[in-house]
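Listed in order, the protein sequences are those of chains S and G.
Numbering (our numbering) for the first sequence: 6 to 170.
Numbering (our numbering) for the second sequence: 10 to 258.
The beta-carbon is built from N, C-alpha and C at its ideal position, and this holds for glycine as well.
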Amino acid sequence: MATAHFGEELVKLLPRMRRFARGLARDAADGDDLCQATIERALKAAHQWQEGSRLDAWVYRIMRNIWIDEARAGNRRRQTFAPEEEGEHVSSAGDAAIEASVELGNVDRAMRRLPPEQREAVMLVLVEGLAYKEAAEVIGCPMGTLTSRLVRGREALMRELGETP
Amino acid sequence: MTITPEEIIAYVDGELEEGARNRITLAALVDIDLAERIAAERALRRQLQAHYAPLAEAPVPAAWAESIRRATAGPGGEVVDLAAARVRKAAESGRAAPRWWHSPWAGAAMAASLVLGVFVGIAWQGAGGGGPIVARDGALVASGDLASALDTQLASAQDGAPVRILGSFRRADNDVCRVFSGAMASGIACHAANGWQLQHVLPGSTEPGQAYRQAGSQDAALMTLAQDMAKGDPLDAGQEREARAKGWR
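See below:
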C-alpha cells in the first residue's frame with residue numbers, strides 16, 4: 006500500500022505536476038482535471054513505484070498517458086457523435102475563447118499550436134528539466150525520436166515567438 | 010564542419026560529452042551563424058523557463074494534498090517511516106534550483122546589464138591563435154587579457170576593465186568558476202591545473218564597431234548556466250578575495 010512518505014513526496018511534487026499538466030492541457034481547468042486524475046491513478050499504482058527511483062518521472066509518465074488516452078478518446082467522440090462542421094465549430098469557438106483570455110501569453114499560444122508529441126517533449130526537457138534519456142522513458146519513445154521532436158518543436162516555437170515579440 | 014540541429018540543441022541542453030561539446034564551442038568561436046543559433050536556442054529555453062516558473066510556485070488546491078495524505082496515512086494515522094528521510098533527502102538534492110538561489114544571481118546579472126565594450130582592441134583569432142582563448146591539452150583555456158582578468162579581477166571592483174567578471178562560484182568538485190563578459194566573448198571558466206578552462210562560451214556583448222549594447226539577456230543566460238553548475242550560493246566579495254589570495258583553489 007501507499008506509505009506516508011510516498012504521500013509526502015507526492016504532495017511536494019504537486020506544484021510541478023500542476024505546471025506540467027497546464028503545459029499539456031488546453032487551459033487551466035483542463036490542466037487541473039488532468040492533475041487530479043493523475044493523483045488518483047498514482048495513489049492506486051503506488052505499489053508499482055520503485056523506491057529510490059525518480060518519483061517525478063514516474064508521475065509524469067502516468068500523467069502523459071492519461072492525457073494521450075483522453076485526447077484520443079476526445080477525437081473518437083467527436084468523430085463518432087458530432088457532424089464534422091459542428092466539431093470544428095466547437096473547437097474553433099474554444100480556441101477563440103482561449104486566444105481572448107488575458108492571461109494567455111504568446112508562449113501559451115505558441116505551445117498550444119504545437120503537435121502534442123512536440124509539446125510534451127518541450128515541456129519535459131525545457132521546462133521540467135529532464136535529461137533526454139529520462140524524457141524518452143517518460144514518453145516511451147527512442148532517444149532519436151525525442152530529439153527530432155525537440156528540434157521541430159523548438160523551430161516552430163522560435164518562428165511563432167519571433168513573429169510576436 | 011557540419012553541425013546538425015540535433016547537436017545544437019544537445020549542446021544547449023547540456024547533453025553532450027566533453028569532446029563533442031568542445032568541438033561545438035570551438036566551431037562557434039569562428040562561425041557567427043552557429044553562435045547565433047546557439048544563442049537563440051538558449052534564449053528560447055530561458056523564455057520557456059521564465060514563463061512556466063511562476064506556475065510551480067503557485068499554491069495548489071489544498072484538497073489535493075489532503076486527499077493524498079488521507080490515502081497514504083497508515084491505520085494509526087501518523088506513520089513513522091525510516092526510509093522517508095533518505096528519500097526526502099534524495100528528492101531535495103534533485104535538479105530543481107532552490108528559490109534562494111535566484112536573488113544573488115539575479116542581482117549580479119542586473120548590475121552588469123549594461124556592459125561597456127572596451128574589449129575590442131584584442132585580436133580575436135579563435136582557437137590556436139593568440140586570442141583570449143586557446144586550445145591546450147585538449148581543453149579550451151583562457152589566455153592573454155582574459156586569463157589575467159580571471160586571475161586578478163574581483164567582481165566587486167573592476168571599473169573600466171576590458172572584461173567584466175559577473176560573479177564567482179564553486180561547482181560540485183569545489184573548483185572555482187567565474188562568469189565573465191567581454192566584447193568578443195562571454196562565458197564561464199573554471200580553475201584547473203593548466204589555467205582557466207572554458208566551460209561555456211557565448212558571443213561577446215559587443216558587435217564589432219559598436220560601442221556598447223544592452224547585454225542583459227546574454228548575462229542572464231550565463232547566470233542560468235552558472236546556477237546549474239554551482240554548488241551553493243555565488244561567492245560574496247569577501248569569499249572571492251579569499252579565493253584569489255589562495256590562487257583560486
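Task: Per DSSP, the bridge partner or partners of His52 of chain S - done: Here residue 52 of chain S refers to the residue found at position 47 of the first sequence. His52 of chain S is not bridged to any residue.
Task: Extent of the continuous alpha helix (DSSP H) to which Arg30 of chain G belongs - done: Within the second sequence, numbered from 1, the residue matching residue 30 of chain G stands at position 21. It spans 27-39 - the alpha helix (DSSP H) in which Arg30 of chain G sits, taken as one unbroken run.
- [ ] Using beta-carbon positions only, say whether Gly196 of chain G and Arg145 of chain G come within less than 9 angstroms of one another.
- [x] As a position in the second sequence, residue 196 of chain G is number 187, starting the count at 1. As a position in the second sequence, residue 145 of chain G is number 136, starting the count at 1. Not in contact: Gly196 of chain G and Arg145 of chain G (Cβ atoms no closer than 9 angstroms).
Open item on the list: Quick check on Met163 of chain S - is its C-beta less than 9 angstroms from some C-beta in chain G?
Closed with: Within the first sequence, residue 163 of chain S is the residue found at index 158, counting from 1. With 9 angstroms as the cut-off, Met163 of chain S counts as an interface residue toward chain G.
- [ ] Grab me the residues of Val185 of chain G's own chain with a C-beta within less than 8 angstroms of its C-beta, minus the 5 sequence neighbours each way, in chain order.
- [x] By 1-based counting over the second sequence, the position of residue 185 of chain G is 176. The answer, listed in chain order, is Ser177, Phe178, Arg179, Cys199, His200, Leu244, Ala252, Trp257, Arg258.
Task: Residue-level contact to chain S via CB, Ser76 of chain G, 9 angstroms cutoff - done: The count along the second sequence starts at 1 and reaches residue 76 of chain G at position 67. Cβ-Cβ to chain S under 9 angstroms: yes for Ser76 of chain G.
Task: chain S residues whose Cβ lies nearer than 7 angstroms to that of Asp42 of chain G - done: Residue 42 of chain G sits at position 33 when you count from the first residue of the second sequence. The contacting residues do not exist; Asp42 of chain G stays about 15 angstroms from chain S at best.
Task: Buried versus exposed call for Met148 of chain S [16 or more other C-beta atoms within 10 Å across all chains shown] - done: Locating residue 148 of chain S in the first sequence gives position 143, counting from the first residue. Exposed, since its Cβ has fewer than 16 Cβ neighbours within 10 Å.
Task: Own chain residues within Cβ distance below 6 angstroms of Asp37 of chain S, not counting five before or after - done: Mapped onto the first sequence, residue 37 of chain S falls at position 32. Nothing listed; no residue qualifies.
Task: Within chain S, partners of Tyr61 of chain G - CB distance below 7 angstroms - done: For the purposes of this step, residue 61 of chain G is taken as residue 52 along the second sequence, with counting starting at 1. Going along chain S in sequence order, the residues near Tyr61 of chain G (Cβ under 7 angstroms) are Arg24, Gly28, Val132.
- [ ] Might you give, ordered along the chain, the residues of its own chain that have their beta carbon closer than 7 angstroms to the beta carbon of Asp22 of chain G, omitting 5 neighbours on each side?
- [x] Against the second sequence, residue 22 of chain G aligns to sequence position 13. Contacts found: none.
Open item on the list: Buried or exposed for Gly12 of chain S, going by 16 or more other Cβ atoms inside 10 Å?
Closed with: Against the first sequence, residue 12 of chain S aligns to sequence position 7. So Gly12 of chain S counts as buried.
Task: Under 9 angstroms between C-beta atoms of Glu125 of chain S and Trp72 of chain S - done: As a working note, residue 125 of chain S is residue 120 in the first sequence. As a working note, residue 72 of chain S is residue 67 in the first sequence. It is a contact, given that the beta carbons lie within the stated cut-off.
Task: Reduced DSSP secondary structure (H/G/I, E/B, other) of Ile197 of chain G - done: Along the second sequence, read from residue 1 onward, the residue named residue 197 of chain G stands at position 188. If DSSP states are grouped into helix, strand and coil, Ile197 of chain G belongs with the strands.
- [ ] Inspect the CB distances between the segment 35-51 of chain G and the segment 154-173 of chain G and report whether three or more fall short of 8 angstroms.
- [x] no
Task: Cys146 of chain S versus Glu24 of chain G: straight-line alpha-carbon distance, rounded - done: As a first step, residue 146 of chain S is located in the first sequence; it is residue number 141 there, counting from the start. As a first step, residue 24 of chain G is located in the second sequence; it is residue number 15 there, counting from the start. Approximately 17 angstroms, taken between the alpha carbons.
Open item on the list: Counting only C-beta atoms, is Asp182 of chain G closer than 9 angstroms to chain S at any point?
Closed with: Locating residue 182 of chain G in the second sequence gives position 173, where the first residue counts as 1. Asp182 of chain G does not count as touching chain S.
- [ ] Using a Cβ cut-off of 9 angstroms, pull out every chain G residue sitting near Tyr137 of chain S, in sequence order please.
- [x] Along the first sequence, read from residue 1 onward, the residue named residue 137 of chain S stands at position 132. Within 9 angstroms Cβ-Cβ: Ala19, Asp22, Glu24.
- [ ] Spell out a yes or no on whether the segment 122-140 of chain S and the segment 25-35 of chain G are touching, meaning 3 or more CB-CB pairs, one atom from each, closer than 8 angstroms.
- [x] no
Open item on the list: Using CA atoms only, rank isn't needed, just tell me which of G:Ile12, G:Asp168, G:Ile18, G:Ala80 is closest to Arg32 of chain G.
Closed with: Within the second sequence, numbered from 1, the residue matching residue 32 of chain G stands at position 23. Nearest of G:Ile12, G:Asp168, G:Ile18, G:Ala80 to Arg32 of chain G, Cα basis: G:Ile12.
TODO: Rank S:Glu165, S:Thr150, S:Glu75 by C-alpha distance to the C-alpha of Arg117 of chain S and give the top, closest one.
DONE: Indexing the first sequence from 1 puts residue 117 of chain S at position 112. It is S:Glu165 whose Cα lies nearest to the Cα of Arg117 of chain S.
TODO: Pick helix, strand or coil for Gly92 of chain S, following the three-state DSSP scheme.
DONE: Start at 1 with the first residue of the first sequence, and residue 92 of chain S comes out as number 87. Confidence is the limiting factor: at Gly92 of chain S the pLDDT is only 40, short of 50, which leaves the residue's position unreliable, though a coordinate-based value still follows. The answer is helix: DSSP assigns Gly92 of chain S an H, G or I state.
Task: Which of helix, strand or coil DSSP assigns to Val210 of chain G - done: Within the second sequence, numbered from 1, the residue matching residue 210 of chain G stands at position 201. It is a strand residue.
Task: Continuous alpha helix (DSSP H) stretch holding Gly247 of chain G: start and end - done: Taking the first residue of the second sequence as 1, we reach residue 247 of chain G at position 238. That run of the alpha helix (DSSP H) goes 246-254.
Task: Listed by chain order, chain G residues near Gln41 of chain S by CB distance under 8 angstroms - done: By 1-based counting over the first sequence, the position of residue 41 of chain S is 36. Ordered by position in chain G, the residues that pass the 8 angstroms Cβ test against Gln41 of chain S are Trp73.
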